[in-house]
Structures are given as structure tokens and as C-alpha cells.
Amino acid sequence: MRNDLKPNQPLSEAQRPDDFRSRKAIRRAWRRRGLAGLAFCCALALVGVVQAQIPPLTRADRGEAFVPDPSIIERITLGFDAVLSDYYWLVAIQAVGGSAAVDANAGGHVGQLIDVVTTLNPWVGHPYRFAAVWLTESEENVRTANRLLERGINHHPEEWRNRFYLGFNLFYYLMEYESAAEQIQAASGLPGAPAYLPRLVARLRSETAEIDVAEAFLIELVQGTDDPVLQEGYRAGLDEIEIERKARFLDEARKIYRDRRGQDIATVESLREGPNPVLVGLPSPEPDSLPVALSRQSRWLLDDEQDEIVSSFYGSRYRLHFDAVSRAKANGWAAARQEGTLHAEERGSL
Amino acid sequence: MIRMRHVWPIATNTVREAIRNKVLYALLFFAVGVIGVAVVIASLSYVEGQRIIQDIGLASIRLFSLGIAVFVGVGLIHGEVERRTIYTILSKPLSRSEFLVGKYLGLLMTVWLQLACMMIAFVAVSLATGAPLSGGHVAALGLLGMELVVIVALATFFSAFTSPLLASLFTLGIWGAGHLSRDLYALGQQSGNESFAGASTWMYRLLPDLEAFNVSVQAVHGLPIATSELTLPILYAVGYAVALLIAAGWIFQGRDLK
Amino acid sequence: MRENGDAVVEVLDLIKDYRPGFGLRRKRILHGVSFSVQRGEIYGFVGPNGAGKTTTLKALMGLIQASGGQARILGCDVSENDFREHIGFLPENPYFYGYLTAREILDFYARLSGLDGQRRCRRVPELLEWVGLGEASESRLRTFSKGMLQRVGIAQALVHDPEVVFLDEPMSGLDPIGRKEIRDVILRLKSEGKTVFMNTHILSDVETICDRVAIIVEGRIRYEGRIEDFLHEDDLMSDVVLSYLPPELGEILEAKFGARVRGVGGRIELRVREKQVSQLLRLGLEAGAEVVSVTPHRVSLEKIFLEAVSTSSSHLIRNESARKGERS
Ligand SMILES: Nc1ncnc2c1ncn2[C@@H]1O[C@H](COP(=O)(O)OP(=O)(O)O)[C@@H](O)[C@H]1O
Ligand SMILES: [Mg+2]
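Residue numbers (my numbering), protein chains in the order written: chain A, 1 to 350; chain B, 351 to 608; chain C, 609 to 936.
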């Protein structure tokens with residue numbers, strides 16, 4: 001400290017002690033700092049770029065989605081059943097994701113997951129119906145869903161919805177009208193069951209079931225739930241019925257075309273072409289409820305193999321077929337299901 | 351003979367040690383954090399979120415109290431011998447068994463204290479999310495406390511004669527096996543193999559039947575819990591712990607303290 | 609053996625084997641140690657490092673189990689517990705719960721020793737003051753130095769006012785002031801009629817305060833007896849330091865008493881037989897010298913100790929019996 005300096009007076013250039021750093025040194029220090037900052041930014045950029053190269057695949061994306069055997073995992077939960085059940089429940093939700101439909105393979109996967117969920121914690125409620133909604137793509141899927149629903153009925157005997165869904169599956173996919181009617185009747189006696197159930201039973205018993213019944217079922221189902229995901233599932237079913245109705249309308253038109261021209265249509269477009277067209281315009285091959293933004297520019301196609309008119313939106317006709325071929329197939333399903341039930345009873349698993 | 355006037359100072363001092371241990375606060379903080387995070391996880395499911403919150407809450411309470419019990423328990427006796435703090439203690443007129451029981455009770459009180467803290471967090475989260483609380487929850491957490499009676503006894507037992515690493519392996523191993531013992535028993539019964547059935551029966555009898563303390567599913571779903579589902583496990587836990595402590599006392603009695 | 613009138617510690621043929629590691633051969637650490645400690649004496653258990661002093665003491669405290677032989681304290685077998693209300697123990701390099709304060713740990717030991725709340729409130733601060741930890745009574749022990757821990761160790765050993773106190777190397781690792789303070793504590797205990805058993809490998813500790821000693825080497829007692837018994841009358845020497853001694857007198861004294869004289873200038877140190885001290889002092893004082901100090905020098909204890917340590921056992925036993933024969 002130099003006593004002769006007054007405080008707060010800046011030092012003039014001449015007064016500065018020698019050891020004050022020169023401008024050059026200061027500049028060098030700044031340059032060093034700048035370099036360090038640059039290196040830091042480079043490193044960050046590198047991290048960012050490299051990470052972008054690494055695909056953030058989840059295990060499911062890599063096809064490693066492993067679902068444990070419920071009978072085994074049940075034994076090794078070490079008391080954490082409920083949480084593991086929740087975990088697989090969340091996995092199941094993710095597996096369905098935003099997809100509007102679940103294909104047969106994915107359906108099998110979801111079925112296994114819900115099997116684990118409900119084995120670990122059979123007192124869950126919703127997952128049973130979740131399975132029923134999403135496991136529809138193959139007979140196998142539907143059968144799995146029904147097994148799960150039966151488990152749900154065992155653990156929640158007072159819950160009408162599980163029986164209702166089981167009845168729906170029996171009617172809608174397996175065409176077991178009598179069993180379906182039994183389930184719906186049983187459901188109608190349970191607390192909280194809606195008033196329209198007895199009417200459904202009557203229609204099922206009268207064997208007039210058609211896509212009208214299905215539509216009625218679905219409309220009731222949509223109205224009967226607040227769950228947006230479920231509603232979406234039912235609406236998808238209703239959309240399919242809508243397309244099916246249009247396809248049947250086109251079938252009629254096709255018949256008229258054949259009567260009039262003595263030959264079959266070359267393309268679906270033929271129906272409104274040439275002089276005196278059968279139709280003035282074609283109905284939309286996409287569900288009416290589909291937002292314009294999601295349009296896939298679908299068209300009506302003539303499927304040569306099946307010799308039927310299909311919308312490219314679905315690629316095939318509605319699953320609930322009522323022609324002779326499909327009826328035979330459905331009967332096959334039913335027979336297989338019979339076996340499956342016996343099989344299940346033998347195993348005593350449900 | 352176990353005299354409370356010798357056991358009590360050891361037990362209270364063990365609690366004091368835990369209260370002054372920062373690691374335990376970190377664990378507790380973490381446990382409470384997980385219970386809070388359950389809210390976020392549950393929002394992944396569009397239905398039954400409250401149930402998932404409680405499932406996760408109860409599971410993390412179970413996991414963390416197990417962790418704390420094992421973490422502290424396995425070094426409980428060994429640490430005293432290793433650091434030779436036990437020399438002066440045993441030169442006072444208390445027996446080794448009294449020392450052991452004191453350490454055990456101290457750790458048990460510590461773990462129960464932590465359990466109480468986590469319970470408060472659980473109740474707070476349940477109230478905040480509107481998840482239902484019932485006597486079933488009290489029963490589930492109470493039985494968890496009884497499971498800890500056994501776990502802490504196991505940790506104390508192993509700590510009386512092995513290193514912390516081995517003791518934690520043994521304790522966790524028996525904890526796992528204790529949750530599987532019923533299945534092992536069932537497997538043995540189904541196998542149709544005489545000797546395997548006999549062996550599995552013995553394993554079932556020997557290992558603690560920890561599944562007896564697990565009623566968390568019933569609690570969350572509001573299912574009825576029978577009185578015997580509460581009283582029998584309590585008796586079972588007390589009996590098992592007493593047996594373990596006596597065995598630990600025998601082993602510890604004969605040990606040379608290095 | 610001496611009469612066992614009021615022995616508070618009796619050790620008979622104590623054997624301890626250790627297995628150094630799993631599957632290794634047993635190693636005998638104590639080969640039949642026997643001794644006894646009388647009420648009211650300060651007993652020095654002396655031996656080089658690794659001789660088995662701590663092992664003996666741990667066996668006495670019930671921390672290890674003897675492989676053979678007997679040990680009794682206050683007439684009780686050491687495997688019992690209740691007699692420990694009357695004994696205190698300071699282990700070697702004591703260690704305590706670092707999370708407690710000095711006051712808390714003493715309170716803890718006092719509770720274990722069965723002191724009720726009232727007595728604890730009185731005894732704990734008093735003891736802390738006594739061992740010089742009054743200032744540090746509210747500090748956590750993990751901040752304590754070795755010397756302070758040693759004081760805590762002493763305090764916990766005395767907290768219940770025991771009749772017999774066992775100290776393992778009470779003065780090791782202490783500075784000179786600390787050693788002196790511990791020595792004072794031990795002497796005060798003796799004056800209160802307590803019995804003190806002390807392990808040490810430092811001879812000067814023994815010489816200055818012990819009434820009786822046992823020398824242990826390689827797990828065997830080489831010598832046991834009163835300090836005085838070690839020494840022949842002739843062996844008792846004292847170091848006398850005088851100043852202002854006329855030089856010629858030094859030569860006279862050297863010739864007359866056979867004294868060894870060291871030193872230069874104003875101060876000289878003479879080593880003479882104890883019997884001749886007074887005579888020497890008289891001469892010196894008459895000649896105008898000043899007496900700086902007179903220190904008994906127990907040459908033979910050191911001699912015996914070194915002998916015991918360095919020679920083979922057979923030689924020592926012969927030596928010892930020869931010595932006994934000499935005396936009787
Ligand atoms: N736990 C033990 N295992 C094996 N050897 C031991 C053990 N404790 C002490 N020893 C051995 O016993 C001998 C005596 O040790 P100790 O009693 O501590 O000697 P000191 O007289 O220095 O106190 C030493 O040689 C030591 O190596
Ligand atoms: Mg020693």
C-alpha cells in the first residue's frame with residue numbers, strides 16, 4: 001500500500017506500478033478464455049451431433065419386447081406384484097400407442113402383456129376391457145381376450161361390463177349368438193347395467209343379428225364409456241361398418257351393372273362411366289368422420305382374388321362376413337374355440 | 351437374561367447414531383421423492399392412476415425400508431467390532447446378548463421411524479391426488495413394519511459373524527428366498543418327488559415366509575383383510591426374530607473380538 | 609507363590625491359541641500365564657511389543673475366550689458380567705462413537721454401568737473436568753486428537769467409580785504433560801484404595817509408579833514380584849546431580865564412593881549406590897555445592913527386562929531360579 005495515494009483516485013498511466021499487467025497480457029488472457037469457450041461449444045456440438053446419430057430405439061423398437069411368462073413372473077415378484085403389474089400395464093398402453101388398430105401380431109403381444117398384468121394383480125379392472133377392445137385382429141386374439149375377460153369376471157363377479165364385452169366378442173367376432181345372449185343376460189342383472197341390455201338379448205336370440213346389431217352394440221358402447229381410447233376403438237368399428245355399408249351398396253350397383261351391360265365392371269370407376277352410368281358418383285371410400293387432413297386418398301378397388309369391391313382404406317371387407325365362405329370360416333373358428341375352451345378347462349388355468 | 355436397563359441405552363444410542371447419519375437422510379429424501387414421482391408415472395396411464403400411485407408408493411416404501419434396514423443392519427455389529435468401540439461397551443456390566451438385542455431394537459426403531467416418515471409422504475400424496483385411504487393401508491404398512499422385524503433380525507444375525515458385504519448378500523438372498531418360499535413349497539408338492547417335496551417343505555419352514563406380510567394389493571383395492579391375516583404374521587414375525595436373535599447371541603457369545 | 613489373601617485378579621495357567629487364518633495352524637500366543645494382583649496395588653504388566661499383554665487383558669475382559677486356564681476378577685470368572693460393575697477398562701488406542709460429544713459418551717457409559725440420572729448428572733461433568741476435557745465436553749469425538757481420546761477412555765473407565773481399573777498402554781502416544789497427568793490419575797486412584805492393572809512396554813512408567821510387576825515375553829511370564837525384589841541392595845543406584853561442586857571434590861567422591869561422574873562445568877552427575885546418597889550429599893553440601901536432583905536409577909529392572917527379551921527361555925528360567933535360590 002502506498003500511503004501517498006488518496007483512495008478512489010484512479011491511477012494515471014504513469015502512476016501504474018510495473019507489475020500491472022500489460023494490455024498484451026490482458027489480450028492473451030481473453031484469447032485463452034475465448035479458446036476455452038470455443039472448445040466447450042465444440043464439445044457440446046459434438047455431443048449433440050453424435051447423439052443425433054444414435055437412434056433412440058427402445059427395446060420394443062428393436063424387437064426385443066419380451067413379455068415374461070406370467071406363471072413364472074408370478075413366482076419371482078418378491079412381493080412387488082402390484083408395481084410390476086402396473087409396469088406391464090404401462091408397457092401395454094405404450095404398445096398400443098396412438099395406432100388406430102392393432103394387427104394380429106401386436107395383438108398377441110398386448111394379450112401377453114395384459115395376461116401378465118392380470119395374473120400379477122387380478123383385481124385390476126380396466127385392463128380386462130382394454131384387452132377386449134384391442135385384441136380383435138384374429139380368432140386367436142379374440143380368444144385370448146375372452147379368456148382374460150373370464151378371469152376378470154371371476155375376480156369381479158359384480159362388474160357387468162366384463163360380461164358385456166365378453167358377450168360382444170362372442171357375437172361380433174365368434175358369432176356365438178346363444179353364448180353371447182347368455183353373457184349379456186347375465187350382465188343385465190348386475191348392478192349398474194344399462195337398461196338397453198335386455199333388448200340386445202332379445203335381438204341376439206331372434207337370430208336376426210346382422211351388422212345392424214353390431215352397429216347398435218357399438219353405438220351403445222360408444223355412448224356407454226367416457227374413456228377416449230375405448231371410444232376411439234368403437235368408433236373405428238363403426239367406421240368399418242360404415243365402409244361395409246357403402247361396399248354393399250356398390251355390390252348392388254355392380255349387380256345392376258352386370259344385368260344392364262351383360263359384363264362385369266373392369267374397375268369400380270366403371271360404375272359411373274359410359275353412357276347411362278349405374279351411379280352418378282361413388283361414395284367416399286373413407287369414413288365420413290375422418291378429418292380431411294388424415295385422408296389417405298383412398299379409392300375403391302376391385303379385389304381380383306376375392307372378387308369383391310374393397311376400399312383401399314382397409315384393403316379388405318369387413319371382418320363380420322355373412323356370406324357362405326365366411327360363415328364356414330366362422331364355424332371353423334367356433335369349433336376351434338370349443339376345443340380351446342376344453343383345452344383351457346383341462347389346464348384349469350382360468 | 352436380557353435386562354432392559356442394559357438394552358435400552360444401546361438401543362437409544364443406535365437410534366441417535368442413525369439420526370446423526372447423513373446417508374440415511376439422503377435415502378429417506380430419495381424415498382419420499384420416489385413417492386412423489388409416482389404421480390408423474392401414474393399419469394402415463396389414462397385410467398386407474400390413483401391405484402398406480404398407491405402401488406408405487408407402497409412398493410417404494412417397501413424397497414427403501416428394506417434398503418435402509420440392510421444398509422444399516424449389516425454393519426451393525428461388525429462395525430462395532432471392527433472399530434473396537436465394542437471393547438469399552440462390553441467391559442461394562444452388560445452381556446453380549448444384551449448388546450446384540452440393544453443394537454437390534456435400536457435399528458428396528460430407526461427403520462420404523464423412517465417408515466413413519468415415508469408413511470407421511472404416502473398419505474400426503476394420496477390426499478393430494480384424492481386416492482382413497484383406508485384401514486387396509488394401515489394394515490399393509492403395519493405388516494410391512496412386521497416384515498422389517500424379521501429383516502432387521504436377519505441383518506443383525508449375519509452382522510454378528512460376517513463382514514457387511516457377506517451379510518448383505520445373505521440378508522438380501524434370504525429376503526428374496528423368503529418371498530419365494532411359498533412357491534417353492536407348492537413346487538415341491540406338485541413335483542411328486544418324495545425327497546424334493548420333503549426338502550422344499552423344510553426350506554419353507556426354515557425360510558421366513560415373507561409373503562405373509564404382503565397385503566398391499568388388498569389394501570390398494572380395498573379388499574377385505576381378515577383379522578388372522580394381521581395377528582398371525584405379527585406373532586410369526588416376533589417368534590422368528592426372537593429365534594434369530596437367540597441364535598445370533600449364541601454365535602456372538604463364542605466369538606473372539608479381534 | 610505368595611499368599612492369596614486379598615487377590616482381586618487371579619490368573620492361572622492362561623493359554624490362548626489363535627488361528628492366524630482359515631485352515632492355518634494354530635499359533636500359541638499365551639503359554640500358561642499365571643499371576644495375581646492384590647487389592648490396592650498398582651500392577652505393571654510389562655513386555656515388549658507382541659508379548660501378549662493385550663491378549664491377556666482381552667481375555668480378562670472377556671473379549672476373547674481363553675483356550676485354557678482360569679482367570680478370575682473379584683472372585684468371579686471373567687465370563688460373567690455382573691462383577692464388571694466394579695471394574696473399568698481402557699483399551700489400547702481407544703476409539704469411540706465419533707458422532708457423540710464427550711459428555712454424551714460419558715453419559716452413555718454411565719447409563720450402561722447402571723448409574724441413575726442423578727448420579728450421572730453429577731459424575732459426568734466432574735469427570736470431564738478431572739481428565740481435562742471440560743472445555744471440549746460439547747464437541748463431537750470425531751474431532752478429538754489421540755490424547756483427548758485417551759482422556760475420554762480414562763474417563764469412561766472411571767465413570768462408575770470402579771474398584772479395579774485395567775489400563776492397556778495408558779501412556780502410549782501421549783506428550784510428556786499428558787503422561788504426567790495420567791500418572792497422577794493412577795496415583796490418585798491408588799490413594800483412593802483402588803487397584804490398578806496396567807499394561808505397558810515403557811519401563812520408566814513402571815519404575816515410577818508400580819508396586820509390583822510381571823514381565824511377559826513371548827507369552828510367558830519371565831518374572832513376577834515387587835519392584836524392590838528385583839533388586840539386590842547393591843544394585844540400587846541413584847543419579848545425583850550437583851552444581852557448583854569444586855572439581856577436586858569430584859575426584860575425591862569418585863575415589864571414595866566408586867561413583868561414575870559425568871558432566872562438565874558447573875553441573876555434574878554422579879551415579880552412586882543408594883545407601884551412600886546421604887553421605888555424598890552431606891559432603892557435597894558442606895563443600896558448598898547445590899543439589900539439583902536425586903533420582904533412583906533402577907538399573908536392574910532394565911537389565912532383567914533386556915535379559916528376558918534377548919536370551920533364550922531356558923537360560924532365563926535358570927537365571928531366575930538361581931536368583932530365587934540366592935535370595936532364600
Ligand atoms: N486376533 C489375532 N489373531 C492372531 N494373532 C494375534 C491376534 N491378536 C494378537 N495376535 C498375536 O498375538 C501376539 C501378542 O499380541 P498382543 O497381545 O497384542 O501384544 P502386546 O503385548 O504388544 O499387547 C502378537 O504376536 C500378535 O501377532
Ligand atoms: Mg498391546
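Glycine residues also receive a C-beta, built at the ideal position from the N, C-alpha and C atoms.
Chain A places a beta carbon closer than 7 Å to that of GLY526(B), counting this residue as a contact. In summary, the residues of the segment 549-577 of chain B whose CB is separated from some CB of chain A by less than 7 Å are LEU560, GLU561, ASN564, SER566, VAL567, VAL570, HIS571 and LEU573, in the order they occur in the chain. Per DSSP, reduced to three states, the secondary structure at TRP123(A) is coil, with no helix or strand assignment.
In this structure, ligand 1 has no non-hydrogen atom nearer than 6 Å to the beta-carbon of LYS442(B).
Interface criterion not met: the Cβ of SER541(B) is under 7 Å from no Cβ in chain A. In the assembly as shown, VAL592(B) is an exposed residue. Its beta-carbon has fewer than 16 other beta-carbons within 10 Å. The set of residues with CB atoms less than 6 Å from any heavy atom of ligand 1 reads, in chain order, LYS608(B), TYR626(C), PRO628(C), ILE637(C), GLY655(C), ASN657(C), GLY658(C), ALA659(C), GLY660(C), LYS661(C), THR662(C) and THR663(C). Here the segment 694-706 of chain C makes contact with the segment 741-761 of chain C; the two share three or more CB pairs at distances below 8 Å.
Here ASP239(A) is near PRO287(A), since their CB atoms are less than 7 Å apart.
At least one CB of chain C lies nearer than 7 Å to the CB of LEU607(B).
Between ligand 2 and GLU700(C), a heavy atom-to-CB distance of less than 6 Å is present.
Scanning its chain for C-beta atoms nearer than 7 Å, with the 5 sequence neighbours on each side dropped, one finds around VAL451(B) the residues ILE352, VAL357 and LEU595, in chain order.
Sequence-distant Cβ neighbours of ARG161(A) in its own chain, meaning closer than 8 Å and more than five residues away, are ARG129 and ALA187. In the DSSP assignment, THR803(C) forms a beta bridge with VAL772(C).
Distance from the CA of TYR396(B) to the CA of THR136(A), rounded to the nearest whole angstrom, comes to 21 Å. If you check each beta-carbon in the segment 371-389 of chain B against every beta-carbon of chain C, none falls closer than 7 Å. For ARG75(A), the C-beta contacts it makes with chain B under 7 Å involve LEU530 and ASP533, in order along the chain. At a cut-off of 7 Å between beta-carbon atoms, LEU444(B) makes contact with chain C. With respect to the 7 Å criterion, GLY79(A) and HIS529(B) are classified as neighbours on the basis of their beta carbons.
At a cut-off of 7 Å between beta carbons, HIS155(A) makes no contact with chain B. One thing to note: ALA765(C) has its Cβ within 7 Å of the Cβ of VAL773(C). The straight-line gap separating the alpha-carbon atoms of GLU737(C) and SER799(C) is approximately 19 Å. Here the segment 114-132 of chain A lies against the segment 85-92 of chain A, with 3 or more beta-carbon pairs under 8 Å apart.
Listed along chain B is no residue with a C-beta nearer than 7 Å to that of ARG728(C); the closest approach is about 11 Å. Listed as beta-bridge partners of ARG834(C) by DSSP are ARG820(C).
Under the DSSP assignment, TYR626(C) falls in the beta strand (DSSP E) whose first and last residues are 615-626. Not a single CB atom of chain C sits nearer than 7 Å to the CB of GLU430(B).
Against ALA505(B), chain A offers no close residue; the least beta-carbon distance is about 17 Å (beta-carbon pairs closer than 9 Å).
Cβ proximity to chain A below 9 Å picks out VAL397, GLU398, ARG401, ILE402, GLN404, ASP405, ILE406, LEU408, ALA409, SER410, ARG412 and LEU413 from the segment 397-425 of chain B.
Contact annotation: ILE385(B) and PHE472(B) have beta-carbon atoms nearer than 7 Å. For a cut-off of 8 Å, the C-beta gap from ARG711(C) to PRO359(B) is around 15 Å, too long to register as a contact. Fewer than three beta-carbon pairs drawn from the segment 797-811 of chain C and the segment 715-732 of chain C are found closer than 8 Å, and the two stretches are therefore not classed as touching.
Its Cα nearest to that of LEU782(C), the residue ILE790(C) stands out among ILE790(C), GLU877(C) and THR751(C).
Proximity of ARG353(B) to chain C, defined by a Cβ-Cβ separation below 7 Å, is not satisfied.
Contact check between the segment 106-113 of chain A and the segment 150-157 of chain A: fewer than three CB pairs, one atom from each, fall below 8 Å, which does not count as touching. The beta carbon of ILE524(B) is closer than 6 Å to those of LEU504 in its chain, skipping five residues each way along the sequence.
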